[in-house]
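In the UniProt record's numbering, the protein residues as written are 1 to 775. Here's the structure we're looking at; comments come further down.
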Amino acid sequence: MNKYISQLNEAQQAPVFQKDGPMIIIAGAGSGKTRVLTVRISYLMSLGVDAFNILALTFTNKAAREMKKRIADIVGNNEAKNLWMGTFHSVFARILRNEADKLGYPSNFTIYDSQDSVRLISAIIKEMQLDKDVYKPKQVFGRISSYKNSLITVKAYFNNPELMEQDAMSKKPRLGEIYQQYVERCFKSGAMDFDDLLLKTNELLNRFPDVLAKYQDRFRYILVDEYQDTNHSQYLIVRALSDRFQNICVVGDDAQSIYAFRGANINNILNFQKDYENVKTYRLEQNYRSTKNIVEAANSVIDNNKTKLDKVVWTANDFGPKVKVHRSITDGEEGRFVASEIFDLKMRHQLHNGQFAILYRTNAQSRAMEDALRKRDIPYRIYGGLSFYQRKEIKDVLCYLRLVINPKDEEALVRVINYPARGIGDTTVEKLTIAANHYKRSIFEVMEHIDKIDLKLNSGTKAKLQDFVTMIKSFQVINENQDAFYLAEHVTKKTGLVQELKKDGTPEGIARLENIEELLNGIKDFIEGQKEVDGARGALSEFLEDVALATDLDKDTGDDDRVALMTIHLAKGLEFPYVFIVGMEEDLFPSAMSLNTRSELEEERRLFYVALTRAEHQAYLTYAQSRYRWGKLTDAEPSRFIEEIKDEYLEYINPSDAGGYRYKPSIDLDIFGDIDKSKLRLSKPLAGTPPKSYGDEPVSSANIRKLKPVSGSAPSSANLFDSKLTVGNIVMHERFGKGQIVNLEGIGADRKAEIKFEVGGIKKLLLRFAKLDVI
Ligand code: ATP
Ligand code: MG
Numbered sequence: 001m002n003k004y005i006s007q008l009n010e011a012q013q014a015p016v017f018q019k020d021g022p023m024i025i026i027a028g029a030g031s032g033k034t035r036v037l038t039v040r041i042s043y044l045m046s047l048g049v050d051a052f053n054i055l056a057l058t059f060t061n062k063a064a065r066e067m068k069k070r071i072a073d074i075v076g077n078n079e080a081k082n083l084w085m086g087t088f089h090s091v092f093a094r095i096l097r098n099e100a101d102k103l104g105y106p107s108n109f110t111i112y113d114s115q116d117s118v119r120l121i122s123a124i125i126k127e128m129q130l131d132k133d134v135y136k137p138k139q140v141f142g143r144i145s146s147y148k149n150s151l152i153t154v155k156a157y158f159n160n161p162e163l164m165e166q167d168a169m170s171k172k173p174r175l176g177e178i179y180q181q182y183v184e185r186c187f188k189s190g191a192m193d194f195d196d197l198l199l200k201t202n203e204l205l206n207r208f209p210d211v212l213a214k215y216q217d218r219f220r221y222i223l224v225d226e227y228q229d230t231n232h233s234q235y236l237i238v239r240a241l242s243d244r245f246q247n248i249c250v251v252g253d254d255a256q257s258i259y260a261f262r263g264a265n266i267n268n269i270l271n272f273q274k275d276y277e278n279v280k281t282y283r284l285e286q287n288y289r290s291t292k293n294i295v296e297a298a299n300s301v302i303d304n305n306k307t308k309l310d311k312v313v314w315t316a317n318d319f320g321p322k323v324k325v326h327r328s329i330t331d332g333e334e335g336r337f338v339a340s341e342i343f344d345l346k347m348r349h350q351l352h353n354g355q356f357a358i359l360y361r362t363n364a365q366s367r368a369m370e371d372a373l374r375k376r377d378i379p380y381r382i383y384g385g386l387s388f389y390q391r392k393e394i395k396d397v398l399c400y401l402r403l404v405i406n407p408k409d410e411e412a413l414v415r416v417i418n419y420p421a422r423g424i425g426d427t428t429v430e431k432l433t434i435a436a437n438h439y440k441r442s443i444f445e446v447m448e449h450i451d452k453i454d455l456k457l458n459s460g461t462k463a464k465l466q467d468f469v470t471m472i473k474s475f476q477v478i479n480e481n482q483d484a485f486y487l488a489e490h491v492t493k494k495t496g497l498v499q500e501l502k503k504d505g506t507p508e509g510i511a512r513l514e515n516i517e518e519l520l521n522g523i524k525d526f527i528e529g530q531k532e533v534d535g536a537r538g539a540l541s542e543f544l545e546d547v548a549l550a551t552d553l554d555k556d557t558g559d560d561d562r563v564a565l566m567t568i569h570l571a572k573g574l575e576f577p578y579v580f581i582v583g584m585e586e587d588l589f590p591s592a593m594s595l596n597t598r599s600e601l602e603e604e605r606r607l608f609y610v611a612l613t614r615a616e617h618q619a620y621l622t623y624a625q626s627r628y629r630w631g632k633l634t635d636a637e638p639s640r641f642i643e644e645i646k647d648e649y650l651e652y653i654n655p656s657d658a659g660g661y662r663y664k665p666s667i668d669l670d671i672f673g674d675i676d677k678s679k680l681r682l683s684k685p686l687a688g689t690p691p692k693s694y695g696d697e698p699v700s701s702a703n704i705r706k707l708k709p710v711s712g713s714a715p716s717s718a719n720l721f722d723s724k725l726t727v728g729n730i731v732m733h734e735r736f737g738k739g740q741i742v743n744l745e746g747i748g749a750d751r752k753a754e755i756k757f758e759v760g761g762i763k764k765l766l767l768r769f770a771k772l773d774v775i
C-alpha cells in the first residue's frame, strides 16, 4: 500500500480499493473527493492498468495538470505522461482531430471562442436584416448553445414545433434560420465552437460504431470530477464510453451544482444509480479543509434548500474564528475595508498574498476591489473577465496564425483582412462574403479565384486581395520549415502589426507591444515544453488549440504571490486560507435574475455554499448599503443568505447590524449612522424586473421572505417586519433585553423600530434583522 493510500481515511480508501465496476462518490465540500480520484488513479496503475487506458475528466486543465503531477510523484513521470486527463473540451477536441474526416471536417479545424461565435451571429443577424435589439447576438448565441448541449441539431429543431413556437413567442421566429446559417458558416470555415466539441463527439460516437468501440476499448477506466456540473451532452459521452467495461467512477456534490444556467443537470448525479447496474455508492463525511465554524455555517445555509440529498459534513478541525460580517456604506468603502483587512492580517500573522481570495457574484464587482488593493499596494490577479488571449492585439496575432493553419477560418480572416489597414474596405468584404455563401466556399477560396469571379471589383482591389492570399501562403511555407516561434515573430513584423503599434507610441500602444512580446514568449515556452512530449503534433496547431481551450485558471503558474480575485463560479474546487465574499446583497447575491423560481433561488444558495466552503481558516461576508449599478447609486439590503446562517457562527464587525449585538453594543445603533440618508435613496434597485414567481405562485421579491418557512427553516424574526408590531409593544431582544417600541417607520424590508430598552436607552433597529419577540 503506498503512502498516499495510507494518508486517506477509511471511507476515502474504500472507493480507491474497488478496482472495477460503476461507483459514485457523493460527498460535501472539502471531503477529499478530488484527492480520492488522484490516489485511485495511481492505485489502478500500481495494479498494472495501463495509463493509456485511463481517462480522467476534470473541471479545469489546471486541475488535470496538478493531478498528473501528483500521480507522477507516485508512479513516475514516464507512466503518468500517457494518462488522458483534461477538461471534456480538451480531451474531446483531441479525439475529434483524429477522427475529423469522418465528420467532414479538416483535422486542422479551428476552435471558435465565444467572441468569434457572437461576432459571426451578429453578422448573420445583420445580413438577414433583423433587428439586433430583438435578436440580441449574445442571447441568440446562448439559445443556440443550449440547443447544442441538449443535442438539438438544426434538423431536430425544425422537427420540433414546440421549440419553434417557444422562440416565436419570445419574438424570435427566425431563430431557427439563424441557427442553421450559423452552423453552415462554421462548417464552411472548418470551425467548431465550444459546444460543437461535445455535440460532434456525440455524433461521432453515435454514427460510427467502430469508432465508439475503439474508444470504449481504450478508456477502460473513466473518472469524472465535479460530476454534478456535467450537462446532457457530456453525460451522454461518458455514458457511451463507459458502456462496455462499466468501470466508471464519478465524484460530485449535489450541493455544489452551479451551472444549471449552462445546461448542467443535477439529475445526472441523482440518476447515476439508475444508469448502471450494481452501482456502489460511497459517502465521505469528514471535511479536511475548513474550520468547524465555516463547515457549520455552510451546513446551516444549505439546509434551507429543499432539493438535496441527505448528507453529513463534519470536521475534526478547530473551531477557528467565526464568519465575520461587515457592512459598509458604499461599495468603495467595502473595497477599502477588504484591502485594509488583508493588509492587517498579513502584518499580524505574517501571511502572504496568495493566501487570500476575494470572491464575487459578477465580474463587474472587481473594480472597487481593484482600486482599493492598488491603493494599498497589494498585488492581485483577476481571473475571468477578458482573458489575455482575447485582448485585441493578441487576438489579431492569433487570427493570422489561425489563418496559416486553416485559411478557411472566416472569423479570423474577417478580423485581419484589413488590419493593419491595407485598403480592403467593408464593401469588398461584404461582396466576398456574399460570393462565398453563394458558392458554398470559404472567403479565402473566393479570394484565391478572384480573377475568375465577377464581383465588380476594380483591379487595384483585386491586387490587394491577391497580395493578402500570397502573404498567408508564404506564412504557410514558413510553417512547414520553421518552428512556431519563428513564424509568429515573422508574422508580427511582416503583417505590419508591430509597426502599427510602434507608430501609435501611446502608453497603451506600448503596453500592447509588450503583450505581443509576452505572447511570443509564451509560444517559445510552449515549444520547449513540447520537446519533452512524445508524439507531439505540429507545434503551432497544438499551441492554438491550447489557447482556444485555456480557461483562465490554467494560466496561473502560481509562482508569483498575489491575492486572487474571481467569480464564485470560477472558484469551484479551489481552496484558500482567507476568503472574502463581497457584495452580499439582495438582488446581487442572490442575483435579481434568479428570484423567479425556487430552483433558481436554490442554485444561488448552492453558489453561496460553494463560496463559503472555499475558506480554510476564515471567511468574511461583506455588503454595502449602496452601490453603483448601471451607473446609478442604488440602495441595497443585506443578502438573505447572511440571515440564513445560524447566528452562533457569525460575528458582526459593525455592532449596529442585524441587531448587531456582538460587541460594543453601546455604540449608536442607527443603521445609517451619521450620513445623510437622502443620498442613499436615489433610486430603487432593479425597478421593472420581470414578474417573479416562486414555483407556481407569483410573488414579489419582498414576500419571498415570507414564504421562507416553506423551506423548512423555523420562522425567523424577519417575518415580523411587516407584521403586527405597534408603538407601545413591549418586546424582548436577544441581546439588549426588554424594551418598548416608541416609534415605527419605513415599510417592508426597510421597516425600523425605535425601541427604548431598559438598559442602554433608545436604539433604532431594522426589523428584518432584529431578533425581537413581543411579550
Ligand atoms: P470540493 O468539493 O471543494 O471540490 P473535495 O471534496 O474535492 O472538495 P479535496 O479538494 O480533495 O476535497 O480536499 C480538500 C482538502 O483536504 C485538500 O487540501 C486535501 O488535500 C485535504 N484532504 C483530503 N483528504 C485528506 C485526508 N485524509 N487527510 C488530510 N487532508 C486531506
Ligand atoms: Mg474537488
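Note that the Cβ used here is the ideal one computed from N, Cα and C, for glycine as well. For clarity, every value in this text was computed on a predicted model and none was experimentally measured.
In this structure, the ligand MG has a non-hydrogen atom nearer than 7 Å to the beta-carbon of T34. The bridge partners DSSP lists for F576 are A615. Here A56 carries a strand assignment [DSSP, helix/strand/coil].
Going by DSSP, T433 is part of no beta strand (DSSP E) but of the alpha helix (DSSP H) stretching over 426-439. With a cut-off of 8 Å on Cβ pairs, the stretch 628-639 is not in contact with the stretch 334-348, counting fewer than three such pairs. Under the three-state reduction of DSSP output, P321 falls in the coil class, being neither helix nor strand. When rounded, the separation of the alpha-carbon atoms in S257 and K69 is 27 Å. The three-state reading of DSSP puts Q740 in strand, counting E and B together. As summarised for the stretch 258-336, the continuous alpha helix (DSSP H) elements at least 4 residues long and confined to that stretch are 267-270, 272-275, 292-302, given in chain order. S290 counts as buried, since at least 16 other C-beta atoms from the protein chains shown sit within 10 angstroms of its C-beta. Cβ-Cβ separation between G190 and Y105: approximately 6 Å, consistent with a contact (criterion under 8 Å). DSSP places V759 in the coil class of the three-state scheme, outside both helix and strand. When secondary structure is reduced to three states using DSSP, T506 falls in the coil class, being assigned neither helix nor strand. Short note on D254: C-beta not closer than 7 Å to any heavy atom of the ligand MG. By the beta-carbon neighbour count (other beta carbons within 10 angstroms, threshold 16), A93 is buried. V118 and L197 have their C-alpha atoms spaced approximately 17 Å apart.
The straight-line gap separating the alpha-carbon atoms of I472 and K572 is approximately 42 Å. If you check the C-beta of R40 against the ligand ATP, you find no heavy atom less than 7 Å away.
Runs of the alpha helix (DSSP H) lying entirely within the stretch 187-251 and spanning at least 4 residues, in chain order: 194-207, 209-218, 232-241. A distance below 8 Å between beta-carbons, with the five flanking residues on each side excluded, links I124 to the following residues of its chain, in chain order: I178, Q181, Y182, R185. Counting only residues of its own chain and dropping the five nearest sequence neighbours on each side, Q12 has a CB closer than 7 Å to the CB of G32, V36, L284. In terms of Cα proximity to L487, the closest of K503, I527, Q466 is I527.
Pairing Y578 with A339, the inter-Cα distance amounts to about 13 Å.
Contact check for Q530 against E518 fails: the beta carbons are separated by 8 Å or more.
For secondary structure counted as the alpha helix (DSSP H) over 4 or more consecutive residues, the stretch 163-188 holds these complete runs in sequence order: 175-188. Per the coordinates, the alpha-carbon of R143 lies some 49 Å from the alpha-carbon of Q350.
Boundaries of the beta strand (DSSP E) harbouring M85: 84-86, taken from the DSSP string. Here F641 carries a helix assignment [DSSP, helix/strand/coil].
Distance from the C-beta of E575 to the nearest heavy atom of the ligand ATP is below 7 Å.
The alpha helix (DSSP H) runs of length 4 or more contained entirely in the stretch 431-499 are, from start to end of the chain, 443-448, 459-481, 484-494.
Shown here, M128 sits in coil according to DSSP, grouped into three states, outside any helix or strand.
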